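In order, the protein sequence lines correspond to chains A and B.
Position one of the first sequence corresponds to residue 1 (my numbering), numbered consecutively onward.
Position one of the second sequence corresponds to residue 1 (my numbering), numbered consecutively onward.
To start, the structure under review is shown below, and the notes come after it.
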Amino acid sequence: MASVANRLLRSSAVPLGCALAALWAAPASAGDLDLVSADTLQITGDLRLVAVDGPESWIDGGLGKLRSGSDGDFRVRPQLGNVSLVWKPQFTWSLGATIVGSLQGGERTEAGLSQAYLTFKPMRGSTIAASARLGLMWPPVSLEHEGADWHVRDSITPSAINSWIGEEVRPLAAEGSVAATLGAHQLRATAAVIAANDTSGTLLTFRGWALHDRTTLAFRRQPLPPLDADIAAYQAPYTHPLLDVGPGFARRPGYYAKLAWQPPVPVRIELFRYDNRANPEDVDRNLEWGWRTQFQNAGLVAKLGPATELKVQAMDGRTRMGFVEPGQSRRWVDNHFRSAFALVTQAFGPVGLAMRAEAFETRNHGDDVDAEYDDRGWSAMAAAKREIGRFTGLVELLHVSGRRDDVRRRQTQAQAELRMGW
Amino acid sequence: MMRKIQFLLAVASLSGPLAAAPLSVRVVDATGRPVPDAVVALYPAGSAARPPRRAGRYVVSQKDIQFHPFVTIVPVGADVSFPNLDPTKHHVYSFSPAKRFELKLFAKDQSRTVHFDKPGVVALGCNIHDQMSAFIVVTDSAWTARTNAQGMATFADAPNAPARLTAWHPYLRVPGGVVQQSVGSGQRSASFSIRLRPPPAMPAMDY
């Protein structure tokens with residue numbers, strides 16, 4: 001872990017220097033500077049009671065798709081969920097930063113840096129608004145997460161798509177965004193150059209999809225399930241989602257781009273494209289590989305009534321790793337993945353209800369990793385939420401069913417959660 | 001003598017308080033449903049026109065990442081305070097010709113004040129929270145009111161004189177953003193049927 005951190009810190013010197021130069025150049029006044037105050041600090045956290053059956057969680061080295069698991073029996077236990085300390089210093093009225101440290105409880109409790117980025121938001125024009133971010137951040141894919149602590153808004157467990165974004169798609173990025181109002185239409189275009197996300201796709205290929213609200217922490221590793229002996233000979237039994245495998249920093253920068261359109265009807269449509277442009281033949285001394293991962297995500301938010309909202313996301317992508325052996329046409333790993341969900345929320349006064357249905361699959365056509373790693377399944381979730389001041393109470397029932405290597409695994413999980421925020 | 005008294009009463013009924021009478025205005029949309037939050041203003045012709053009086057404090061607060069109230073009517077020359085009641089900072093601005101201003105970051109329990117010296121509609125926004133939106137109508141007529149949930153606004157002391165009656169709404173779908181009609185002497189009620197565009201249906205794209 002230390003070597004990964006050192007390499008990243010060394011290689012991040014240039015963008016960090018640029019950020020500090022921008023900070024130095026930005027006009028500041030004493031009144032705008034706010035480094036540490038009640039306005040810049042926020043702490044959020046949750047405690048939960050989890051009842052779950054099915055296999056051990058993937059976090060514990062099992063094949064379960066959820067954050068918690070059991071040995072096949074029905075297990076009930078209290079658990080510390082996620083605790084986040086959010087620091088949002090303001091350097092000038094337009095230049096600030098967001099730094100989030102997180103502690104994630106339950107199986108394999110760990111703490112670390114969750115996000116750290118500079119924000120620049122100059123005064124908007126009458127029809128155009130621009131903004132920029134620079135640093136370690138999640139790309140704007142999820143319709144389920146909100147806030148600097150990136151908590152799930154309407155339930156406890158996010159969909160498979162956004163669980164994967166949280167665990168493997170958090171690059172170092174330089175992102176610019178322009179929003180325009182054209183009559184009654186609103187458009188927002190976002191584009192970013194990214195680096196240090198070369199291993200994205202490792203977990204999705206070897207484990208398959210999962211549903212949980214644990215997110216990747218900087219320099220921390222994610223465990224992989226037990227690998228075949230052939231694969232274990234060249235692939236580390238873990239993955240660092242924040243890693244630039246190739247020589248030099250950002251020699252092959254990737255990108256993401258997003259277009260959002262809000263017409264004068266209660267609908268918003270989003271299109272997102274990601275390509276980490278990693279070299280699938282790059283490997284480091286720890287046997288972590290570059291995974292060329294590309295995906296498209298489409299999102300739709302529609303207000304169906306005064307208190308009813310529909311959210312839909314669909315993702316389709318491909319990740320490749322390793323060499324093309326002589327006489328073969330595919331790399332060692334060639335994984336097509338896709339998933340989609342629909343989430344309906346309905347408010348009944350102070351109580352919010354949410355129901356989600358989703359399907360997911362991975363299809364492997366690699367030379368080494370083939371159909372035995374395919375993962376197909378579905379899940380259904382129902383949740384209720386009630387906010388009282390600084391507290392939010394949630395209950396959630398989640399069922400997931402997945403088939404892998406002709407073995408079907410089912411898990412049902414009931415959770416009650418109390419969220420707090422100061 | 002009796003003729004003299006009758007003449008004086010007639011003059012008084014035309015020029016003094018006796019000349020005032022209620023005027024009710026109803027605003028409905030194209031389907032006949034009442035339209036709340038429309039601002040109607042009466043502009044009597046000639047000497048009956050009267051500027052509004054400044055009274056009390058005018059406040060547009062920020063709470064729960066929204067402005068409150070959504071529509072505020074203030075007289076020309078009013079000072080409006082903008083207290084921030086949210087635990088986050090706001091950056092209030094307007095690009096409207098009636099008043100361009102910018103209140104850079106101010107935090108919870110802080111307030112800023114803006115002087116509004118020209119009549120017109122001032123659209124408010126927050127540079128940090130794009131979903132925040134509100135309007136201040138700066139009026140130069142003493143007879144200006146906002147329609148209630150039934151789409152009604154009443155001027156208890158409307159002058160008994162020919163006048164121009166205007167109606168404005170944040171989502172009014174007409175060139176210029178205002179509709180108007182003439183009101184004759186002695187007319188005690190008026191109505192507008194207006195076409196509205198749908199309000200911004202979604203929270204702003206806030207990434």
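Note that CB positions come from ideal geometry on N, CA and C, so glycine has one too.
Keep in mind it's a predicted model, so treat the numbers as computed, not measured.
* To do: Please classify D334 of chain A: is it buried, with 16 or more other beta-carbons within 10 angstroms of its beta-carbon, or exposed?
  => Counted from its first residue, the first sequence places residue 334 of chain A at position 334. Classification of D334 of chain A: buried, given that the 10 Å Cβ count is 16 or more.
* **Contacting residues, own chain, Cβ-Cβ under 6 Å from D60 of chain A (five flanking each side not counted)** => Translated into positions along the first sequence, residue 60 of chain A becomes position 60. Correct list, in chain order: E107.
* For the candidate residues A:D149, A:T205 and A:L143, whose alpha-carbon lies nearest to that of E168 of chain A? -> Start at 1 with the first residue of the first sequence, and residue 168 of chain A comes out as number 168. Checked all of A:D149, A:T205 and A:L143; the closest Cα to E168 of chain A is A:T205.
* To do: Hey, could you find the ends of the alpha helix (DSSP H) F206 of chain A is sitting in?
  => Residue mapping note: residue 206 of chain A aligns to position 206 of the first sequence, counting from 1. Per DSSP, F206 of chain A belongs to the alpha helix (DSSP H) from T202 to F206.
* Which residue's Cα is closest to the Cα of W209 of chain A: A:T412, A:V76 and A:F337? -> Along the first sequence, read from residue 1 onward, the residue named residue 209 of chain A stands at position 209. The residue with the shortest Cα to Cα distance from W209 of chain A is A:F337.
* Nearest residue (CA-CA) to A149 of chain B, options B:S189, B:R26, B:G46 and B:V80 -> Position 149 of the second sequence, counted from the start, is the residue given in the question as residue 149 of chain B. The candidate whose alpha carbon is nearest that of A149 of chain B is B:R26.
* At least one CB of chain B closer than 8 Å to the CB of A173 of chain A: is that the case? -> Indexing the first sequence from 1 puts residue 173 of chain A at position 173. With 8 Å as the cut-off, A173 of chain A does not count as an interface residue toward chain B.
* Any idea if L271 of chain A is buried or exposed, counting beta-carbon neighbours within 10 angstroms, 16 or more meaning buried? -> Looking up residue 271 of chain A in the first sequence gives position 271. Exposed, since its Cβ has fewer than 16 Cβ neighbours within 10 Å.
* In its own chain, which residues sit with a C-beta less than 8 Å from the C-beta of W24 of chain A, not counting the 5 before and 5 after it? -> Locating residue 24 of chain A in the first sequence gives position 24, counting from the first residue. The predicted model places W24 of chain A with a pLDDT of 48, which falls under 50 and marks its position as unreliable; any figure quoted below should be read in that light. Nothing listed; no residue qualifies.
* To do: Please determine, among B:P199, B:L196, B:A161 and B:S189, the residue with the shortest C-alpha to C-alpha distance to Y43 of chain B.
  => Numbered from its first residue, the second sequence carries residue 43 of chain B at position 43. Of B:P199, B:L196, B:A161 and B:S189, the residue nearest in Cα terms is B:A161.
* Any C-beta of chain A under 8 Å from that of I128 of chain B -> As a working mapping, residue 128 of chain B is identified with position 128 in the second sequence. Closer than 8 Å: yes.
* **Counterpart residues of Y93 of chain B in DSSP-defined beta bridges** => Reading the second sequence from its first residue, position 93 is the one you call residue 93 of chain B. Per DSSP, B:E102 and B:G125.
* Which residues bound the alpha helix (DSSP H) around E423 of chain A? -> The structure shown does not extend to residue 423 of chain A, since chain A spans only 1 to 422, so no value can be given for it.
* Asked: Rounded to a whole number of angstroms, what is the C-alpha to C-alpha distance between P200 of chain B and F67 of chain B?
  -> The count along the second sequence starts at 1 and reaches residue 200 of chain B at position 200. The count along the second sequence starts at 1 and reaches residue 67 of chain B at position 67. Distance between the alpha carbons of P200 of chain B and F67 of chain B: 15 Å.
* If you count every other CB in all the chains shown that lies within 10 Å of the CB of L41 of chain A, and 16 or more means buried, which is it? -> Numbered from its first residue, the first sequence carries residue 41 of chain A at position 41. It counts as exposed.
* **Cβ neighbour criterion (16 or more within 10 Å) applied to Q415 of chain A** => As a working mapping, residue 415 of chain A is identified with position 415 in the first sequence. Classification of Q415 of chain A: buried, given that the 10 Å Cβ count is 16 or more.
* Asked: What residues in the region 86–105 of chain B have a beta carbon less than 8 Å from any beta carbon of chain A?
  -> P87, T88, K89, H91, Y93, F95, E102, K104 and L105
* Do you know offhand how far V11 of chain B's Cα is from W168 of chain B's? -> Counting from one through the second sequence, the residue named residue 11 of chain B turns up at place 11. Counting from one through the second sequence, the residue named residue 168 of chain B turns up at place 168. For V11 of chain B, the predicted model reports a pLDDT of 44, less than 50, meaning its position is unreliable and no value from the coordinates is stated.
* Which term fits R419 of chain A, buried or exposed, when burial requires 16 or more other beta carbons within 10 angstroms of its beta carbon? -> The residue labelled residue 419 of chain A in the question sits at position 419 within the first sequence. Under this definition R419 of chain A is a buried residue.
* Asked: For the alpha helix (DSSP H) that contains I128 of chain A, what are its first and last residues?
  -> Against the first sequence, residue 128 of chain A aligns to sequence position 128. No alpha helix (DSSP H) contains I128 of chain A, which is instead part of the beta strand (DSSP E) from I128 to L136.
* **Where E325 of chain A sits in the DSSP three-state scheme** => Along the first sequence, one-based indexing puts residue 325 of chain A at 325. E325 of chain A falls in the coil class under three-state DSSP.
* Asked: Could you give the distance in angstroms between the alpha-carbon of K89 of chain B and the alpha-carbon of N127 of chain B?
  -> Here residue 89 of chain B is taken as the residue at index 89 of the second sequence, counted from 1. Here residue 127 of chain B is taken as the residue at index 127 of the second sequence, counted from 1. The straight-line gap from Cα to Cα measures roughly 10 Å.
* Asked: What's the C-alpha gap between T362 of chain A and G317 of chain A?
  -> Your numbering for residue 362 of chain A matches position 362 in the first sequence. Your numbering for residue 317 of chain A matches position 317 in the first sequence. Approximately 9 Å between the Cα atoms of the pair.
* To do: Using the Cα positions of Q79 of chain A and P55 of chain A, report the straight-line distance between them to the nearest angstrom.
  => Position 79 of the first sequence, counted from the start, is the residue given in the question as residue 79 of chain A. Position 55 of the first sequence, counted from the start, is the residue given in the question as residue 55 of chain A. Each residue's alpha carbon lies about 18 Å from the other.
* Asked: Who are the neighbours of K108 of chain B on chain A, taking C-beta pairs under 9 Å?
  -> For this step, residue 108 of chain B is matched to residue 108 along the second sequence. Those are A38 and D39, listed as they occur along chain A.
* **Cβ-based neighbour list, A48 of chain B, same chain, cut-off 7 Å, excluding 5 preceding and 5 following** => Counted from its first residue, the second sequence places residue 48 of chain B at position 48. Excluding residues within five positions, the ones whose Cβ falls inside 7 Å are P159 and A161.
* **Selection from A:E417, A:G421 and A:R410 that minimises the alpha carbon distance to D53 of chain A** => Within the first sequence, numbered from 1, the residue matching residue 53 of chain A stands at position 53. Checking every option, the nearest Cα to that of D53 of chain A belongs to A:R410.
* Could you pull out every residue in the same chain whose Cβ sits closer than 6 Å to the Cβ of P122 of chain A, ignoring the five residues on either side in sequence? => Along the first sequence, read from residue 1 onward, the residue named residue 122 of chain A stands at position 122. Closer than 6 Å at the Cβ level, and outside the excluded window around P122 of chain A, lie S94.
* From P175 of chain B to M152 of chain B, what does the alpha carbon distance come to, in whole angstroms? -> What you label residue 175 of chain B is simply residue 175 of the second sequence in a count that begins at 1. What you label residue 152 of chain B is simply residue 152 of the second sequence in a count that begins at 1. The straight-line gap from Cα to Cα measures roughly 23 Å.
* Asked: Is the CB of R112 of chain B under 8 Å away from at least one CB in chain A?
  -> Here residue 112 of chain B is taken as the residue at index 112 of the second sequence, counted from 1. No, R112 of chain B does not count as interfacial toward chain A.
* Give every residue of the same chain whose Cβ lies closer than 8 Å to the Cβ of P198 of chain B, excluding the five residues on either side of it in the sequence, and list them in chain order. => Translated into the one-based positions of the second sequence, residue 198 of chain B becomes position 198. Within the same chain, P198 of chain B has close Cβ partners Y171.
* From the DSSP output, which residues share a beta bridge with P34 of chain B? -> Residue 34 of chain B sits at position 34 when you count from the first residue of the second sequence. DSSP output for P34 of chain B lists B:V28 as bridge partner(s).
* Asked: Name the chain A residues that come within less than 9 Å of P198 of chain B, Cβ to Cβ?
  -> Start at 1 with the first residue of the second sequence, and residue 198 of chain B comes out as number 198. Residues of chain A passing the Cβ test: A184, P264, V265 and P266.
* Asked: Curious, which full-length alpha helix (DSSP H) runs of at least 4 residues does the region 218–295 of chain A contain?
  -> 229–232
* Asked: Looking only at its own chain, which residues have a Cβ that is under 7 Å from the Cβ of F106 of chain B, when we skip the five neighbours before and after it?
  -> The residue given as residue 106 of chain B occupies position 106 in the second sequence. Hits under 7 Å: N84, K89, H90 and R112.
* Is the Cβ-Cβ distance between A354 of chain A and F341 of chain A less than 8 Å? -> One-based indexing of the first sequence puts residue 354 of chain A at position 354. One-based indexing of the first sequence puts residue 341 of chain A at position 341. No, Cβ-Cβ distance for A354 of chain A and F341 of chain A is not below 8 Å.
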